[in-house]
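S.K.:
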Amino acid sequence: MAALREIVVDCVHAPGLARFWTAVLDGYDVLPYDDAEIDRLAGLGLTPETDPTVGVGGPGPTLFFQQVPERKTVKNRVHLDVEAPDREAEVQRLVALGASVHRVHERWTTMLDPEGNEFCVSEPD
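Below you can see the structure in the form of C-alpha coordinates.
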(Lines of atoms letter the chains of each structure in order from A and count residues from 1; the text may use other names and numbers.)
(Lines give C-alpha, C1' and ligand atoms only; values in the text may rest on other atoms or scores of the structure.)
Protein backbone atom coordinates (compact mmCIF):
# COMPACT_ATOMS: atom_id res chain seq x y z
CA MET A 1 0.00 0.00 0.00
CA ALA A 2 1.30 3.48 -0.86
CA ALA A 3 1.97 6.27 1.62
CA LEU A 4 1.46 9.98 0.95
CA ARG A 5 4.89 11.51 0.34
CA GLU A 6 4.12 15.13 -0.56
CA ILE A 7 1.58 17.39 -2.20
CA VAL A 8 2.67 19.26 -5.34
CA VAL A 9 0.99 22.47 -6.50
CA ASP A 10 1.57 23.74 -10.04
CA CYS A 11 2.08 27.50 -10.12
CA VAL A 12 3.56 30.42 -12.05
CA HIS A 13 5.93 31.71 -9.31
CA ALA A 14 6.96 28.97 -6.89
CA PRO A 15 8.89 31.11 -4.35
CA GLY A 16 6.05 33.61 -3.97
CA LEU A 17 3.33 31.01 -3.60
CA ALA A 18 5.48 29.03 -1.17
CA ARG A 19 5.88 32.15 1.01
CA PHE A 20 2.11 32.72 0.93
CA TRP A 21 1.41 29.18 2.15
CA THR A 22 4.04 29.38 4.91
CA ALA A 23 2.15 32.43 6.17
CA VAL A 24 -1.15 30.51 5.97
CA LEU A 25 -0.08 27.26 7.64
CA ASP A 26 1.01 27.11 11.28
CA GLY A 27 4.44 25.56 11.69
CA TYR A 28 5.37 25.52 7.99
CA ASP A 29 8.54 27.09 6.55
CA VAL A 30 10.30 27.08 3.21
CA LEU A 31 12.74 24.18 3.26
CA PRO A 32 16.28 25.50 3.74
CA TYR A 33 18.76 25.71 0.90
CA ASP A 34 22.15 24.21 1.71
CA ASP A 35 25.35 25.29 -0.04
CA ALA A 36 25.20 22.39 -2.49
CA GLU A 37 21.66 23.32 -3.55
CA ILE A 38 22.56 27.00 -3.92
CA ASP A 39 25.56 25.98 -6.06
CA ARG A 40 23.34 23.69 -8.16
CA LEU A 41 20.85 26.50 -8.74
CA ALA A 42 23.64 28.96 -9.58
CA GLY A 43 24.93 26.51 -12.19
CA LEU A 44 21.51 26.72 -13.82
CA GLY A 45 21.45 30.52 -13.60
CA LEU A 46 18.91 30.43 -10.76
CA THR A 47 18.67 31.60 -7.16
CA PRO A 48 16.30 30.58 -4.35
CA GLU A 49 14.10 33.51 -5.45
CA THR A 50 13.87 32.13 -9.00
CA ASP A 51 13.85 28.42 -8.09
CA PRO A 52 11.13 26.69 -10.14
CA THR A 53 10.46 24.12 -7.38
CA VAL A 54 10.20 25.22 -3.75
CA GLY A 55 9.49 22.91 -0.81
CA VAL A 56 7.54 23.87 2.29
CA GLY A 57 7.80 21.64 5.36
CA GLY A 58 5.89 21.50 8.60
CA PRO A 59 3.96 19.21 10.91
CA GLY A 60 1.96 17.61 8.09
CA PRO A 61 2.79 16.57 4.53
CA THR A 62 5.50 18.48 2.68
CA LEU A 63 4.17 20.83 0.01
CA PHE A 64 6.10 21.50 -3.18
CA PHE A 65 5.33 24.45 -5.42
CA GLN A 66 6.36 23.69 -8.99
CA GLN A 67 6.58 26.28 -11.74
CA VAL A 68 4.65 25.49 -14.91
CA PRO A 69 4.35 27.69 -18.01
CA GLU A 70 0.57 27.89 -18.09
CA ARG A 71 -1.66 29.80 -15.67
CA LYS A 72 -4.58 28.15 -13.89
CA THR A 73 -7.71 28.28 -16.06
CA VAL A 74 -10.25 25.90 -14.49
CA LYS A 75 -11.36 24.77 -11.04
CA ASN A 76 -8.84 22.69 -9.09
CA ARG A 77 -9.43 18.94 -9.07
CA VAL A 78 -7.78 18.80 -5.63
CA HIS A 79 -7.64 21.57 -3.04
CA LEU A 80 -6.46 22.14 0.51
CA ASP A 81 -8.83 22.59 3.46
CA VAL A 82 -7.53 24.54 6.45
CA GLU A 83 -9.20 25.17 9.78
CA ALA A 84 -8.96 27.89 12.39
CA PRO A 85 -10.85 28.53 15.64
CA ASP A 86 -12.41 31.75 14.24
CA ARG A 87 -13.21 31.31 10.55
CA GLU A 88 -14.12 34.95 9.87
CA ALA A 89 -10.96 36.29 11.53
CA GLU A 90 -8.85 33.78 9.60
CA VAL A 91 -10.51 34.72 6.32
CA GLN A 92 -9.67 38.38 6.97
CA ARG A 93 -6.06 37.46 7.83
CA LEU A 94 -5.74 35.47 4.62
CA VAL A 95 -7.20 38.31 2.56
CA ALA A 96 -4.52 40.58 4.04
CA LEU A 97 -1.90 38.02 2.89
CA GLY A 98 -3.17 38.14 -0.70
CA ALA A 99 -6.00 35.59 -0.84
CA SER A 100 -9.51 36.49 -1.95
CA VAL A 101 -12.94 35.24 -0.94
CA HIS A 102 -14.56 33.15 -3.67
CA ARG A 103 -17.75 31.96 -1.96
CA VAL A 104 -19.10 31.89 1.60
CA HIS A 105 -20.94 28.73 2.68
CA GLU A 106 -22.66 27.91 5.95
CA ARG A 107 -19.74 25.88 7.39
CA TRP A 108 -16.74 26.97 5.28
CA THR A 109 -15.45 29.74 3.06
CA THR A 110 -13.96 28.97 -0.34
CA MET A 111 -11.00 31.22 -1.06
CA LEU A 112 -8.47 31.74 -3.84
CA ASP A 113 -4.75 31.94 -3.18
CA PRO A 114 -2.75 34.66 -5.01
CA GLU A 115 -2.56 32.48 -8.15
CA GLY A 116 -6.27 31.60 -8.12
CA ASN A 117 -6.07 28.11 -6.59
CA GLU A 118 -9.15 27.27 -4.54
CA PHE A 119 -8.89 26.31 -0.88
CA CYS A 120 -11.40 26.21 1.96
CA VAL A 121 -11.37 27.62 5.48
CA SER A 122 -13.54 26.13 8.22
CA GLU A 123 -13.69 25.92 11.99
CA PRO A 124 -12.88 22.67 13.83
CA ASP A 125 -15.89 20.37 14.33
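Going by the UniProt record's numbering, the sequence shown opens with residue 1, and the numbers climb by one from there.
C-beta atoms are modelled at their ideal positions from N, C-alpha and C, and glycine is treated no differently.
1. From V9 to E83, what does the alpha carbon distance come to, in whole angstroms?
2. I'd like the list of long-range same chain contacts for P114, defined as Cβ closer than 6 Å, with 5 residues on each side in sequence excluded.
3. Y28 and V56 - do their beta-carbons sit closer together than 8 Å?
4. For V9, which three-state DSSP category applies?
5. Just reading off the alpha helix (DSSP H) that D35 is part of, what are its end residues?
M.R.: Taking the structure as given:
1. Along the sequence shown, one-based indexing puts residue 9 at 9. Along the sequence shown, one-based indexing puts residue 83 at 83. Taking the straight line from one Cα to the other gives about 19 Å.
2. Locating residue 114 in the sequence shown gives position 114, counting from the first residue. Cβ within range, chain order: F20, G98.
3. The residue labelled residue 56 in the question sits at position 56 within the sequence shown. The residue labelled residue 28 in the question sits at position 28 within the sequence shown. Cβ distance < 8 Å, so V56 and Y28 count as in contact.
4. Within the sequence shown, residue 9 is the residue found at index 9, counting from 1. V9 falls in the strand class under three-state DSSP.
5. As a first step, residue 35 is located in the sequence shown; it is residue number 35 there, counting from the start. Element bounds for D35: 35-43.
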